[in-house]
Amino acid sequence: MDYEFFMSKALDEARRAISIGEFPVGCVMVYENRVLVTGARHRSAPGDQNELDHAEMLAMRRLIDLEQRIDREKVTLFSTLEPCLMCYAALIVNGIRRIVYAYEDVMGGGTNLDLKKLNPFYKDMEITVMPGILRQESLQLFKSFFSEPNNDYLKGSLLARHTLEQ
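For the sequence shown, position 98 matches number 550 in this note's numbering, and the numbering has no gaps at all.
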């Protein structure tokens, strides 16, 4: 699988998000070497913020709504930002076993969760996580977002500070 090619597709989704003032998280879900569904962050803009419309959650909803039956354990998620705990849990509960991301979320990333310490439903899951694919390209989008004075989403947060210090 061409990780950089598919991450570039996730970056395209993130660019679309940032172009309309949204947080630059984009993702694609790949099955049998083709993009099945995409997602981009929504409702991170002032006055319309919520923490449910993450790119991964929107893509997962689209995957669930597909008419075709697929083996979700063979789906790979590519995301411009490490999935948060909510997204990570939703992905694995819904059968996604491979997660590739570009930029680490030092504030809210969930992929370091030790599933072996959880209840039996989770502890036997085998999840593959691959960080850092096209990290610099993603980092530049987040730097651009956090540098824009009109963007107040996560302004001053640990993630914003970490991003702007690089």
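Ideal placement from N, C-alpha and C gives every residue a C-beta, glycine not left out.
Just so we're clear, the structure is a prediction, and the values are computed from it rather than from any experiment.
Look at Tyr555 here: in three-state DSSP terms it is strand.
Listed in chain order, the non-local C-beta contacts of Arg521 below 8 Å within the same chain number zero, local neighbours out to five positions each way being set aside.
Counting C-beta atoms within 10 angstroms of its own C-beta, Ile472 has fewer than 16 neighbours from the protein chains shown and is therefore classed as exposed. DSSP places Tyr540 inside the alpha helix (DSSP H), whose first and last residues are Leu537 to Val545. The Cβ-Cβ distance between Gly499 and Pro535 does not fall below 9 Å.
Judged by their CB atoms, Val482 and Ala466 are not nearer to each other than the 9 Å cut-off. Note that the C-beta distance between Cys479 and Ala497 is not below 9 Å. Taken through DSSP and simplified to helix, strand or coil, Arg486 comes out as strand.
Within the same chain, Cβ atoms closer than 8 Å to the Cβ of Met453 are found at Val482, Asn485 and Thr528, the five residues on either side in sequence being excluded.
In the DSSP assignment, Met481 forms a beta bridge with Val489 and Leu529.
For Arg550, the three-state secondary structure derived from DSSP is strand. Bridge partners of Met582 according to DSSP: Val552. Beta-bridge analysis with DSSP links Gly561 to Cys536.
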